[in-house]
Amino acid sequence: MAPFNSRDRDEDMSFGNQILPVANLPADYEGIPEDGMQYLFTVRRDARHLPHVTRVPNPYEIPERLPPPSDDILPAVHPELPSPEWRTLFETRYKNFRKNLAQPTINVSQPVRSDSRRLLPDWKDRDCWWAFLAGKPAEEWDPPKKPKKGGANKFQRGMRGFAEDDSRMDLEEGPSAGSSRDAEEAPGLETRPMRDDSDAQPQLPTPSGTPAPTESPDAAPIYTPREPTPSLLRLIDQRTALHLLMYFTHWTNLHLQPEKRCRVTQTHARWIFVLLSRVDDYISADDMHLLRNLARAYLALLKDLIHSKMERVAGDVNAASCWLIISTVVGIWGQRDLWMEAEEIMKSRI
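The opening residue of the sequence shown carries number 1 in the UniProt record's numbering; numbering runs sequentially from there.
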């Protein structure tokens with residue numbers, strides 16, 4: 001039987017039999033290793049003092065610190081920005097508003113026109129929509145289609161009892177007949193009587209005691225703007241709503257120009273508010289870009305309302321309507337970064 005060797009026992013208890021050469025140094029060696037053998041000696045010596053079993057701290061011994069309630073709504077740094085509580089409540093109520101609009105109404109039929117006229121203008125015609133929103137009559141935003149020329153000659157050729165040259169001579173008899181006929185065929189044109197040169201001369205003074213004739217210029221007609229009603233909203237789908245929102249962005253940008261070619265009113269703000277309810281939660285990147293442009297247009301309008309010193313006309317859009325439109329785009333579609341742009345606008349007011 002081989003004699004007992006304590007060194008063999010230490011090697012077996014440690015990391016197995018050595019393969020690399022290890023220096024034979026005293027146990028209390030504290031010098032700096034000069035080569036690899038001395039380095040391995042210090043490593044193996046320190047390893048013998050380490051425990052064979054280790055322990056990790058129990059994660060449940062220390063009570064877990066709950067993070068603050070994570071709210072993806074950025075805090076309102078500026079006092080004039082809508083508060084986080086108001087934003088949360090507004091988003092909840094606006095979502096309920098959208099659900100109520102989507103629910104079918106019982107025992108209510110859609111409006112039906114007896115004639116062939118439209119209830120809404122063509123979604124591709126921006127000018128007609130502007131006239132429709134202004135409350136103008138249907139003749140201006142839904143003009144009748146002009147009859148196609150040459151259709152009758154195609155089927156009635158050879159059935160006339162006179163030559164076509166005779167009809168041409170009738171048309172060439174005088175300009176008055178042709179102009180009156182064209183005026184009757186074009187309902188959108190307004191015919192006015194020709195003024196004589198004598199009308200341009202100043203009138204003679206009237207005798208004393210006789211009042212002078214008062215000139216009554218043609219006053220421009222006053223129209224009542226059309227409001228967004230549930231019956232009209234049911235005729236508007238998402239594609240039409242996004243197209244109309246693009247129109248409103250264009251009109252708002254024109255309103256911000258110095259000449260103010262378009263006047264944006266509270267009625268327009270109400271249309272935007274309800275048109276946003278016709279847009280789904282998940283839309284394409286192009287449609288999201290369209291909504292962001294709308295929000296930025298009303299951020300610019302809000303800045304104009306804050307810094308402008310001009311007197312506002314009654315019925316013009318106000319700051320509250322701007323905040324509602326901005327909050328809808330930011331809250332419903334998660335465009336939180338627009339709050340930082342709004343904060344910069346509020347800071348520029350100081």
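A virtual CB, placed ideally from N, CA and C, is assigned to each residue, including glycine.
Taking its Cβ as the centre, do 16 or more other Cβ atoms sit within 10 Å of residue i, making it buried, or is it exposed?
i: W86; result: exposed
i: R278; result: buried
i: E344; result: exposed
i: H268; result: buried
i: T88; result: exposed
i: T132; result: Before going on, a small fix: residue 132 reads as Phe here, not Thr. With 16 or more other Cβ atoms within 10 Å, it is buried.
i: V313; result: exposed
i: A27; result: exposed
i: V317; result: buried
Does the distance from the C-beta atom of residue i to that of residue j stay below 8 Å?
i: L294; j: V329; result: yes
i: D280; j: L242; result: no
i: E91; j: G331; result: yes
i: Q266; j: S321; result: yes
i: L290; j: L254; result: no
i: R292; j: P228; result: no
i: L101; j: L233; result: yes
i: I283; j: F248; result: no
i: residue 379; j: E80; result: As shown, the chain starts at 1 and ends at 350. That puts residue 379 outside it, with no answer to give.
i: L256; j: A285; result: no
i: residue 351; j: F41; result: Since the first residue of the chain shown is 1 and the last is 350, residue 351 is not available in this structure.
i: T252; j: A297; result: yes
i: residue 421; j: A319; result: It is not possible to answer for residue 421, since the shown part of the chain is limited to 1 through 350.
Leaving out the 5 sequence neighbours to the left and right, which residues in its chain are closer than 8 Å to residue i when beta-carbon positions are compared?
i: W323; result: P82 and L302
i: C128; result: P121, D122, E140, W141 and D142
i: Y39; result: P33
For residue i, which three-state DSSP category applies?
i: T328; result: helix
i: T229; result: coil
i: D142; result: coil
i: T54; result: coil
i: D127; result: helix
i: K347; result: helix
i: D304; result: helix
i: D316; result: strand
i: T252; result: helix
i: T265; result: strand
i: E341; result: helix
Here's a check: name, in chain order, each residue in its chain whose Cβ is nearer than 7 Å to the Cβ of residue i, leaving out the five neighbours to either side.
i: L235; result: L119 and L120
i: G158; result: The pLDDT assigned to G158 is 44, lower than 50, so where the model puts this residue is not dependable; a value taken from the coordinates is nonetheless given after this. Contacts found: none.
i: G315; result: T265 and Q266
Please confirm if the segment 134-141 is in contact with the segment 216-235, defined as three or more CB-CB distances below 8 Å between the two stretches. yes
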